[in-house]
Amino acid sequence: MAVIDPRDKHRFGEDSTSLILSHASAAAKRLGVELVVQSDYLKIGHFEARRRGNMLEVGAVTAEIDDEQWEAFITLALNHFVNTQQPPDGEALRQFLFAIGITS
């Protein structure tokens, strides 16, 4: 899975986050899946992720996370949903965490 460093979006003037959110919203509506994207909370169907301060919580998984990692995490989760038409699962979560630099 390739990831664009969020800092590069500013350098190159590319930020597709709103486009991904738009596609995810359309997919959620079409599939009847609940989608909630807030500054500290993400829900895609049964998949829920929450940020409390500098901690990421996804089910029993917790990890330290900074602002850029949280933004990248949300983007990866939405992109996964758009591409697979399914909420992320455990394997996708492991890939997201690896891609944003969180290893357990």
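Under our numbering, the first residue of the sequence shown is numbered 591, with each subsequent residue one higher.
Cβ atoms here follow ideal geometry from the backbone N, Cα and C, with glycine treated the same way.
Given the structure is predicted, the values throughout are model-derived calculations rather than measurements.
Residue i (DSSP reduced to helix, strand or coil)
i: E624; result: coil
i: T652; result: strand
i: I610; result: helix
i: I692; result: coil
i: Q685; result: helix
Opening and closing residue of the beta strand (DSSP E) in which residue i lies
i: A639; result: F637 to R642
Where the alpha helix (DSSP H) through residue i begins and ends
i: Q659; result: D657 to T674
In DSSP terms, what residue i is bridged to
i: K619; result: Its beta-bridge partners do not exist; DSSP assigns none.
Beta-carbon proximity of residue i to residue j, cut-off 8 Å
i: V648; j: L683; result: yes
i: L621; j: Q675; result: yes
i: D630; j: N644; result: no
Meets three-Cβ-pair contact criterion under 8 Å: the region 666-686 and the region 609-623: Touching, yes.
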